[in-house]
Amino acid sequence: MDTTTTVFTWAKASARLLRKAPITGILANGLVPVGHTAASDVVTGSGSSGQSVWKWINISQFLGNMVYNVDDATAAKTFCIGARENGLDIDKIAFGLSSLEFTVNNLTNI
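All residue numbers for the sequence shown refer to my numbering, where the first residue is 92 and numbers rise by one.
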């Protein structure tokens, strides 16, 4: 797998989906060499788990502190993602407060 072309994209703001306005995507490229697999690892935007393993990556940190603000926590939300890489499998996505840290164990067992 080419480590420079693993691509994962998602919308910058879910509110735009409701207004049917054009959506600007966020591109996360080069995910293969990063990530965390050890249960006690704090998940960051780096790590060195390599390819062909299930791993956790903090995409907000990987991209440089990207944050989604949620005004109404009780309203239904739609989150869209896309990928073009054969072999990029996504099993779970976790959302959490940016002020908290999560370990692989925390996220795997939710």
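Yeah, the Cβ is synthetic: ideal placement off N, Cα and C, and Gly gets one too.
Owing to the predicted nature of the structure, the values given are computational and were not obtained by experimental measurement.
| Asked | Found |
| --- | --- |
| Endpoints, the alpha helix (DSSP H) within which ILE181 is located | That residue, ILE181, is in no alpha helix (DSSP H); it is neither H nor E in DSSP. |
| Alpha-carbon to alpha-carbon, ASN120 and PHE153 | 10 Å |
| VAL123, buried or exposed, once every other Cβ within 10 Å from all chains shown has been counted against 16 | buried |
| For ILE150, the first and last residue of its enclosing beta strand (DSSP E) | No beta strand (DSSP E) contains ILE150, which is instead part of the alpha helix (DSSP H) from 150-153. |
| Coarse secondary structure for VAL133, derived from DSSP in three states | strand |
| Own chain, CB closer than 8 Å to VAL161, minus 5 neighbours either side, in chain order | LYS168 |
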